[in-house]
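Per my numbering, residue 2 is the first one in the sequence shown, and the count goes up by one each step.
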Amino acid sequence: MTIDFNMLENLEKMQGATTNQPSADPSTPTPPAPSAGENCFLDGWTTIYDKNSLDATINLGFASGIPGGTGNLTNLPDLTPYKMLRIKWHASDSSKYYYIDITDKADNHHRLQMCNTTGMTFFTVSIAIATRNEKSIMNVGTCTRVVMSTSKYPTTTTYTNTSVCYIEKIDVK
Numbered sequence: 002m003t004i005d006f007n008m009l010e011n012l013e014k015m016q017g018a019t020t021n022q023p024s025a026d027p028s029t030p031t032p033p034a035p036s037a038g039e040n041c042f043l044d045g046w047t048t049i050y051d052k053n054s055l056d057a058t059i060n061l062g063f064a065s066g067i068p069g070g071t072g073n074l075t076n077l078p079d080l081t082p083y084k085m086l087r088i089k090w091h092a093s094d095s096s097k098y099y100y101i102d103i104t105d106k107a108d109n110h111h112r113l114q115m116c117n118t119t120g121m122t123f124f125t126v127s128i129a130i131a132t133r134n135e136k137s138i139m140n141v142g143t144c145t146r147v148v149m150s151t152s153k154y155p156t157t158t159t160y161t162n163t164s165v166c167y168i169e170k171i172d173v174k
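Below, the structure is given as structure tokens:
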């Protein structure tokens, strides 16, 4: 395939026109930037756990992350008033945000799943939200690693209380 440099220049001009860059003609208004409340995945979150916080009320004593197999997080704030959880989970060499709807206050079980950067290792951990004594609590289950094999069968390893799989951050909304 050959590239026509005029076509490339026209594409660059079109790309510049779609951004909020000022136009050459001062009489042409620049479209407004999106308001702060327009992105439900980015705005309005409250951090209730962060491993990187130096504040013990935020790192909850888990300065290296909340590991798989921790069980009930009794020192986490009551989740009853909230509708959504945003959990940043780390496994091996990858991290990812997960969004969990917790509007249903019945006991709910969720499974976070992720591959490492090479895609040859699969990690999973269970997260349960339960109501006990009129308080919503979180339970972090065991982390399991499945290594894919090109020659035979996959191998599995269970991790509890290690630095291989852990929660980095929990936000609520």
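For every residue, glycine included, the Cβ atom is placed at its ideal position computed from N, Cα and C.
Close beta carbons around residue i, own chain, < 7 Å, minus the five adjacent residues each side
{"i": "V148", "result": "M121, T122, P155 and T156"}
{"i": "T118", "result": "D94 and S95"}
Residues that residue i bridges to, as DSSP identifies them
{"i": "T132", "result": "S137"}
{"i": "P68", "result": "Y167"}
Cutoff 6 Å; reference residue i; Cβ partners in own chain excluding five residues on either side
{"i": "L74", "result": "M139"}
{"i": "T71", "result": "V141"}
Range covered by the alpha helix (DSSP H) that runs through residue i
{"i": "T151", "result": "Note, T151: premise wrong, no alpha helix (DSSP H); not H, not E."}
{"i": "T163", "result": "Looking at the DSSP string, T163 is not in any alpha helix (DSSP H), and its letter there is neither H nor E."}
Residues of its chain near residue i, where Cβ-Cβ distance is below 8 Å and the 5 sequence neighbours each way are ignored
{"i": "E169", "result": "D51, K52, N53, G66, K89, W90, H91 and S96"}
Range covered by the beta strand (DSSP E) that runs through residue i
{"i": "A92", "result": "M85 to A92"}
{"i": "N109", "result": "N109 to C116"}
{"i": "I59", "result": "First-last for I59: A57 to N60, but that is the alpha helix (DSSP H), not the beta strand (DSSP E)."}
{"i": "D51", "result": "T47 to D51"}
{"i": "D44", "result": "Premise fails: D44 is in no beta strand (DSSP E) and is neither H nor E."}
{"i": "T103", "result": "Looking at the sequence shown, residue 103 is not Thr but Ile. Here I103 belongs to no beta strand (DSSP E), and DSSP marks it neither H nor E."}
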